[in-house]
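Per our numbering, the very first residue in the sequence shown carries number 68; after that it's consecutive.
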Amino acid sequence: MATTLRSRALSTTFSVTCRRIASRRLAVGYPTCHNRKSSSSISALQAAFRDPSSPFHIPPDSQGPESPDSPADHANLTTLASESLDSLDPLEEAHEKLRRAGFDPQSFWEQRIVWGDHDSFQHVNNVRYVRFFESARIKWMMSLGEELGGPSKAKAMINAQGISLILKSIEVQFRRPVTYPDSLLIGYRPLPPTSEHDAATFHVAASAYSLAQRAFVAHAKEALVWYDYDKLKKCDPDERAKEVLRGRMSKE
């Protein structure tokens, strides 16, 4: 009887020990058929990452998506957009940059820089920019007149006849010095009215883009006033003028 009980105890101990050993082997990852298949699949995937002809290829020094459903890298999209602009000539690129920034294409004015625009500091004198913006603003005003009443209205607006626009204030921010030779493309866009705005006054933004530097070099913010030159006082324009102005505002 004692021998039988001892045998059963040894058998139970042996069985428990075997189970513990098996559990430890699984815990430390002893190779199984399934693990060998997984290892093979991982190796194949890593090879695909290194193969330039593979759709899974990840270039050196770059990083793959966090998950299969991760969106495209925004930086890569920005780079592609930049590369598409680089393929344009400087003037075409300037037109595209101003359009994307919401400027009215009917205001675009190309300003050639001449040697006489320089001052003793060997760059375009800051005062010149006020004249540059003025040229673009007059072109834009004429386009408003064309839309309001054709060539005769456009001519009247720049000859101080009837209702036109007058500059109340201008603020210029200088971002980069400009030197000869260069050309600037300047654009205007009306800004949405504020809640406390005067009915006769509205604001516009303008920017100057350098073709040589391929960058914005100056920005301006102006207050313009509807002015009745026949009565010599500011006025509230008719609804048609306001409608035309709203139509020129950026849709973005």
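Heads up, the beta-carbon is just placed ideally off N, CA and C, and yes, glycines get one too. Since we're looking at a predicted model, the values are computed, not measured.
Review point. When the Cα of S210 is compared with those of Y296, P172, H286, E306, which residue comes out closest?
Key: Along the sequence shown, one-based indexing puts residue 210 at 143. Considering only alpha carbons, the answer is P172.
Review point. Count the other CB atoms within 10 Å of the CB of P257; is the residue buried (16 or more) or exposed (fewer)?
Key: The residue you call residue 257 lines up with position 190 of the sequence shown. Flag for P257 reads buried.
Review point. Cα separation between R315 and Q178?
Key: As a first step, residue 315 must be located in the sequence shown, where it is residue number 248. As a first step, residue 178 must be located in the sequence shown, where it is residue number 111. Between R315 and Q178, the C-alpha separation is close to 22 angstroms.
Check your understanding: Between which two residues does the beta strand (DSSP E) containing K324 stretch?
Key -> Because the chain spans 68 through 319 in this model, residue 324 falls outside it and cannot be assessed.
Check your understanding: In its own chain, which residues sit with a C-beta less than 7 angstroms from the C-beta of V271, not counting the 5 before and 5 after it?
Key -> Reading the sequence shown from its first residue, position 204 is the one you call residue 271. Excluding positions up to five away in sequence, the list reads Y255, R256, P257, L258, E289, L291.
Check your understanding: Just how far apart, CA to CA, sit H286 and E214?
Key -> Walking along the sequence shown from the start, residue 286 turns up at place 219. Walking along the sequence shown from the start, residue 214 turns up at place 147. Looking at the two C-alpha atoms, the distance is approximately 26 angstroms.
Check your understanding: Is G217 buried or exposed, if buried means 16 or more other CB atoms sit within 10 Å of its CB?
Key -> Position 150 of the sequence shown, counted from the first residue, corresponds to residue 217. Label assigned to G217: exposed.
Review point. Cβ atoms of S277 and D249: under 9 angstroms apart, would you say?
Key: By 1-based counting over the sequence shown, the position of residue 249 is 182. By 1-based counting over the sequence shown, the position of residue 277 is 210. Yes, these two residues count as a Cβ contact at 9 angstroms.
Check your understanding: So, using beta-carbon positions, are A34 and D305 closer together than 9 angstroms?
Key -> Residue 34 lies beyond the range of the chain shown here (68 to 319); nothing can be said about it.
Review point. Do S174 and W207 have their C-beta atoms closer together than 9 angstroms?
Key: For the purposes of this step, residue 174 is taken as residue 107 along the sequence shown, with counting starting at 1. For the purposes of this step, residue 207 is taken as residue 140 along the sequence shown, with counting starting at 1. Yes, these two residues count as a Cβ contact at 9 angstroms.
Practice item. Would you kindly work out how many angstroms separate the C-alpha atoms of Q280 and R243, rounded to a whole number? Key: Counted from its first residue, the sequence shown places residue 280 at position 213. Counted from its first residue, the sequence shown places residue 243 at position 176. Roughly 9 angstroms between the two C-alpha positions.
Practice item. Let me know the secondary structure DSSP gives H190 once reduced to three states. Key: Along the sequence shown, read from residue 1 onward, the residue named residue 190 stands at position 123. Here H190 sits in coil by DSSP.
Review point. Who does I180 pair with in a DSSP beta bridge?
Key: Residue numbering aside, residue 180 sits at position 113 when the sequence shown is read from its first letter. Looking at the DSSP assignment, I180 forms a beta bridge with D249.
Check your understanding: Mind checking whether T246 and H162 have CB atoms under 9 angstroms apart?
Key -> For the purposes of this step, residue 246 is taken as residue 179 along the sequence shown, with counting starting at 1. For the purposes of this step, residue 162 is taken as residue 95 along the sequence shown, with counting starting at 1. Cβ atoms of T246 and H162: not closer than 9 angstroms.
Practice item. Rank S110, D118, A168 by C-alpha distance to the C-alpha of A282 and give the top, closest one. Key: Indexing the sequence shown from 1 puts residue 282 at position 215. Among S110, D118, A168, the Cα nearest to that of A282 is on A168.
Check your understanding: Start and end of the beta strand (DSSP E) containing L232?
Key -> Walking along the sequence shown from the start, residue 232 turns up at place 165. Element bounds for L232: 230 to 241.
Practice item. Report yes if the CB atom of A275 is closer than 9 angstroms to the CB atom of F200, and no otherwise. Key: What you label residue 275 is simply residue 208 of the sequence shown in a count that begins at 1. What you label residue 200 is simply residue 133 of the sequence shown in a count that begins at 1. A contact, by the Cβ cut-off of 9 angstroms.
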